[in-house]
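K.L.:
First the structure, which I've put down as structure tokens, then a few questions once you've had a look.
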Amino acid sequence: MPAENSRTSEAGAGWTCQAPGSFEELLPERVPRFSWRRPSILWRSRNDVVARLFGDPSDEIRRRCVAALTERGVPAGFTVHRPAETFSFMLMGDTGEGDRSQYAVVPPFLRVAEGTDFAVIASDVIYPTGDAADYPEKFFRPYRDYPGPIFAVPGNHDWYDGLRGFLKVFCDLDADCTPASWRGPFKPVARLFWRRPGPIDEQALAQARALYRGGARQRNVQPGPYWAIDTPRLRIIGIDTGIIGGLDRDQGAWLREVSAGPKAKLLVTGKPLRVDDSCRPCPIEGGGTVDEIVQDPSCNYVAAIGGDIHNYQRYPVQVGDRTIQYIVSGGGGAFMHATHTIPKTRVVEEDRFRLYPLRGDSLSRYSKLYGRVLRMPGLFELTPEEASTVIRHRLGIEPARGYAYTEPPSRRVRLVAAVLGVPRGQTRRPRFLRLPVRRTSQRFRSEFADWDRPPFFKSFLRLEVSERELRIRCFAATGCGDQEDDSPVEDEVTITLR
């Protein structure tokens, strides 16, 4: 691991950035100012609220689209076979805001990705609503120089247009993605408010594909919204969790089928199974959960990686005589979800838990954001050292960075930490009126959680498969030119493939 990363110094975290990142040269002439405070963005994203109030139609739409794909002809078992025993690939989640924070990831991603065979995007390829019209600038253009194919599993935002844009770009299917029916007494209301899929300009998509990702190796049509990549040593399985995080009956049966057998397996999912010190097992229509399949020893899963939450977390969970690595990888470009609101972990021991950004860096960044937004920098802004000190004080943990901690945090620092949501120990209940940081709905917190200057605290993964091992490394993307050529490695784990 390189000597400098966020766990060793402020410079490694990107706080002392000396040079602008080369991503500035990649930006389009007009960089979209993506903001959740715009009423039009909130209105376009209303399907999340509609699905939670009146029922999620994702299962019904998915079944219809999968039937159309099957009728057209797809690989057996929605499985792509790759013969190489040793290979490597990239993985990142929650990419497509199309702004500076997304482009800041591109240069270090391309340098680390040299020699890899393919890439995977785990959740939310396009913000805010997955429209096909956004793909040229938010997918094709940023990753024009990645030479291999890109697979993806959809996130909830990709479903806000009924998955129509995702299916067209990744599966070459233009399907009717309008819900056929609604259940319950409020179906007229649901039908009235549900946002219909946006139009598809096939010529514009074809031109963008030819211009940006028209190489022979770049062209890729994946089997469906869920898929498997089978190799001699490892089977990579991607699932579609819809809007609210669940699998329909047919996809559940498929998952059980492709998960059978002793070959080592890795799950890629739109929503993580372990996140923010909680378990989210992902229910399957008709009974059972995805996590039950992952923990079944006969299925031999070694890791489960999910997007949706915009940071990096890793939980090495002991299941019987083996360890399953539960990973959150959602730092691919969208605004950062706070890590300082995560309590002292109970899912695993705190010293085995890994996250990026560190809680202290997250708190320091949010304090600066609120100081700017509320125009009270003298009250709110905490240095990384002050933030790390109060994290140590409130959670009773020893932060990774080696500050001296000679003085207890001041009253001002303790007040800011409480207001910005730092818990005490393992408690989750707030004792103060908290500002919107993590537990408030995204529609009210995202405007405070995005910024356009380094350090961005983004991240991505490189995974390498050998005959006996799977190596997973988490790289930071801070947006600093100092760190583009030698991206800090924030976490690393090697898994034996039995």
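Residues in the sequence shown are numbered consecutively from 1, following UniProt numbering.
A virtual CB, placed ideally from N, CA and C, is assigned to each residue, including glycine.
Does the segment 303-313 come close enough to the segment 385-392 that 3 or more CB-CB pairs lie under 8 Å?
P.N.:
Contact between the segment 385-392 and the segment 303-313 is absent, because fewer than three Cβ pairs lie under 8 Å.
K.L.:
Pull up the CB-CB distance for VAL74 and PRO223, whole angstroms please, since I reckon it's below 8 Å.
P.N.:
Mapped onto the sequence shown, residue 74 falls at position 74. Mapped onto the sequence shown, residue 223 falls at position 223. Their Cβ separation, rounded to whole angstroms, is 4 Å, which keeps VAL74 and PRO223 in contact under 8 Å.
K.L.:
Which value, in whole angstroms, describes the spacing of the CA atoms of MET376 and ASP161?
P.N.:
Counting from one through the sequence shown, the residue named residue 376 turns up at place 376. Counting from one through the sequence shown, the residue named residue 161 turns up at place 161. Roughly 40 Å between the two C-alpha positions.
K.L.:
Report yes or no: do the segment 303-310 and the segment 263-280 share at least 3 C-beta pairs separated by less than 8 Å?
P.N.:
Counting Cβ pairs under 8 Å, three or more are found: they touch.
K.L.:
If you scan the segment 282-313 from start to end, which runs of the alpha helix (DSSP H) of 4 or more residues do you find wholly inside it?
P.N.:
Counting whole runs of 4 or more residues, the segment 282-313 contains the alpha helix (DSSP H) stretches 290-295.
K.L.:
If the criterion is Cβ atoms closer than 9 Å, does the pair GLY93 and GLY330 meet it?
P.N.:
For the purposes of this step, residue 93 is identified with residue 93 of the sequence shown, where counting begins at 1. For the purposes of this step, residue 330 is identified with residue 330 of the sequence shown, where counting begins at 1. Yes, the pair counts as a contact, with Cβ atoms nearer than the cut-off.
K.L.:
Using a Cβ cut-off of 9 Å (strictly closer), state whether LEU26 contacts chain C.
P.N.:
Structure shown: chain C not included; a single protein chain is present.
K.L.:
Going by Cα to Cα distance, which pick from PRO297, GLY21, THR116 and ARG401 is closest to GLY320?
P.N.:
Position 320 of the sequence shown holds residue 320. It is PRO297 whose Cα lies nearest to the Cα of GLY320.
K.L.:
Output yes or no for whether 9 Å exceeds the beta carbon distance between ALA477 and THR8.
P.N.:
Counting from one through the sequence shown, the residue named residue 477 turns up at place 477. Counting from one through the sequence shown, the residue named residue 8 turns up at place 8. No, Cβ-Cβ distance for ALA477 and THR8 is not below 9 Å.
K.L.:
Within a Cβ cutoff of 7 Å, which residues of the same chain sit near TRP451, ignoring the five residues on either side of it in sequence?
P.N.:
Within the sequence shown, the letter at position 451 stands for residue 451. Cβ within range, chain order: LEU369.
K.L.:
Tell me whether the beta-carbon of SER22 lies closer than 9 Å to the beta-carbon of TRP159.
P.N.:
The residue given as residue 22 occupies position 22 in the sequence shown. The residue given as residue 159 occupies position 159 in the sequence shown. No, Cβ-Cβ distance for SER22 and TRP159 is not below 9 Å.
K.L.:
Quick one: what does DSSP say ALA175 is sitting in, helix, strand or coil?
P.N.:
Walking along the sequence shown from the start, residue 175 turns up at place 175. In the structure shown, ALA175 sits in coil (DSSP, three-state: anything other than H, G, I, E or B).
K.L.:
Does the Cβ of LEU192 have 16 or more other Cβ atoms within 10 Å, making it buried, or fewer, making it exposed?
P.N.:
Against the sequence shown, residue 192 aligns to sequence position 192. It counts as exposed.
K.L.:
Within its chain, find whatever has a CB closer than 6 Å to the CB of PHE186; leave out the 5 residues flanking it on each side and keep chain order.
P.N.:
On the sequence shown, position 186 is the one that residue 186 refers to. Correct list, in chain order: PHE54.
K.L.:
Output needed for residue 517: all residues of its chain with C-beta closer than 8 Å, excluding positions within five of it in sequence on either side, in chain order.
P.N.:
Outside the modelled stretch of the chain, which goes from 1 to 498, sits residue 517, for which no answer is possible.
K.L.:
Would you mind working out which of TYR127, ARG394, VAL189 and GLY402 sits nearest VAL419, comparing C-alpha positions?
P.N.:
Within the sequence shown, the letter at position 419 stands for residue 419. Nearest C-alpha to VAL419: ARG394.
K.L.:
Name the DSSP beta bridge partners of GLN318, please?
P.N.:
Here residue 318 refers to the residue found at position 318 of the sequence shown. BP columns for GLN318 point to THR323.
K.L.:
With distances taken Cα to Cα, identify the nearest neighbour of residue 502 among ARG354, PHE380, ALA304 and ILE397.
P.N.:
Lying before the first or after the last residue shown, residue 502 is absent from the chain, which here runs from 1 to 498.
K.L.:
Should ARG462 be labelled buried (16 or more other beta-carbon atoms within 10 Å of its own) or exposed?
P.N.:
Here residue 462 corresponds to residue number 462 of the sequence shown, with the count starting at 1. ARG462 comes out buried.
K.L.:
Taking the C-alpha atoms as reference points, what is the distance between ILE244 and SER123?
P.N.:
Your numbering for residue 244 matches position 244 in the sequence shown. Your numbering for residue 123 matches position 123 in the sequence shown. Their backbone Cα atoms lie some 13 Å apart in a straight line.
K.L.:
Can you tell me the Cβ-Cβ gap for ILE229 and LYS265, rounded? I've got them flagged as a contact below 8 Å.
P.N.:
As a position in the sequence shown, residue 229 is number 229, starting the count at 1. As a position in the sequence shown, residue 265 is number 265, starting the count at 1. Incorrect: roughly 11 Å between the Cβ atoms, too far for contact.
K.L.:
I'd like to know whether the C-beta atoms of TRP254 and PHE87 end up nearer to each other than 9 Å.
P.N.:
Within the sequence shown, residue 254 is the residue found at index 254, counting from 1. Within the sequence shown, residue 87 is the residue found at index 87, counting from 1. Not a contact, by the Cβ cut-off of 9 Å.
K.L.:
Can you tell which of ASP56, TRP227, ARG414 and GLU29 has the C-alpha that lies nearest to the C-alpha of THR178?
P.N.:
The residue you call residue 178 lines up with position 178 of the sequence shown. Checking every option, the nearest Cα to that of THR178 belongs to ASP56.
K.L.:
Shortest alpha-carbon distance to VAL169 belongs to which of SER181, ASP131 and PRO147?
P.N.:
Start at 1 with the first residue of the sequence shown, and residue 169 comes out as number 169. The shortest Cα separation from VAL169 among SER181, ASP131 and PRO147 belongs to ASP131.
K.L.:
Excluding the 5 residues flanking residue 533 on each side, which residues of the same chain have their C-beta closer than 6 Å to its C-beta?
P.N.:
As displayed, the chain neither begins before 1 nor continues past 498, which places residue 533 out of reach and without an answer.
K.L.:
So within the UniProt domain "Calcineurin-like phosphoesterase" (88-169), which uninterrupted beta strand (DSSP E) runs reach at least 3 residues, ignoring any that extend past its ends?
P.N.:
Those beta strand (DSSP E) runs which fall completely within the UniProt domain "Calcineurin-like phosphoesterase" (88-169) and span 3+ residues are 118-122 and 150-153.
K.L.:
Between which two residues does the alpha helix (DSSP H) holding VAL419 run?
P.N.:
Working through the sequence shown from its first residue, we reach residue 419 at position 419. 411-419 is the extent of the alpha helix (DSSP H) around VAL419.
K.L.:
Helix or strand or just coil, what does DSSP make of ALA11?
P.N.:
By one-based count along the sequence shown, residue 11 stands at place 11. ALA11 falls in the helix class under three-state DSSP.
K.L.:
For GLY286, is the classification buried or exposed, using 16 other Cβ atoms within 10 angstroms of its Cβ as the cut-off for buried?
P.N.:
For the purposes of this step, residue 286 is taken as the residue at position 286 of the sequence shown. Result: exposed.
K.L.:
Rounded to whole angstroms, what is the Cα-Cα separation between ASN5 and ARG44?
P.N.:
Here residue 5 is taken as the residue at index 5 of the sequence shown, counted from 1. Here residue 44 is taken as the residue at index 44 of the sequence shown, counted from 1. Whole-angstrom Cα-Cα distance: 39 Å.
K.L.:
Does DSSP classify LEU374 as helix, strand or coil?
P.N.:
Counting from 1 along the sequence shown, the entry for residue 374 is found at position 374. If DSSP states are grouped into helix, strand and coil, LEU374 belongs with coil.
K.L.:
Since HIS393 is in the alpha helix (DSSP H), which residue starts that stretch and which ends it?
P.N.:
Residue numbering aside, residue 393 sits at position 393 when the sequence shown is read from its first letter. That run of the alpha helix (DSSP H) goes 384-395.
K.L.:
Determine the DSSP secondary structure at residue 508, reduced to helix, strand or coil.
P.N.:
Within the shown structure, residues of the chain are numbered from 1 to 498, placing residue 508 beyond reach of any answer.
K.L.:
Can you tell me the Cβ-Cβ gap for ILE239 and LEU267, rounded? I've got them flagged as a contact below 8 Å.
P.N.:
The residue given as residue 239 occupies position 239 in the sequence shown. The residue given as residue 267 occupies position 267 in the sequence shown. That belief holds up - the Cβ atoms of ILE239 and LEU267 are roughly 7 Å apart, short of 8 Å.
K.L.:
Please classify HIS337: is it buried, with 16 or more other beta-carbons within 10 angstroms of its beta-carbon, or exposed?
P.N.:
Reading the sequence shown from its first residue, position 337 is the one you call residue 337. Counting Cβ neighbours within 10 Å, HIS337 comes out buried, since at least 16 surround it.
K.L.:
Shortest alpha-carbon distance to ALA13 belongs to which of ARG359, GLY165 and ARG183?
P.N.:
Sequence index remark: in the sequence shown, residue 13 carries index 13 (1-based). Nearest of ARG359, GLY165 and ARG183 to ALA13, Cα basis: ARG359.
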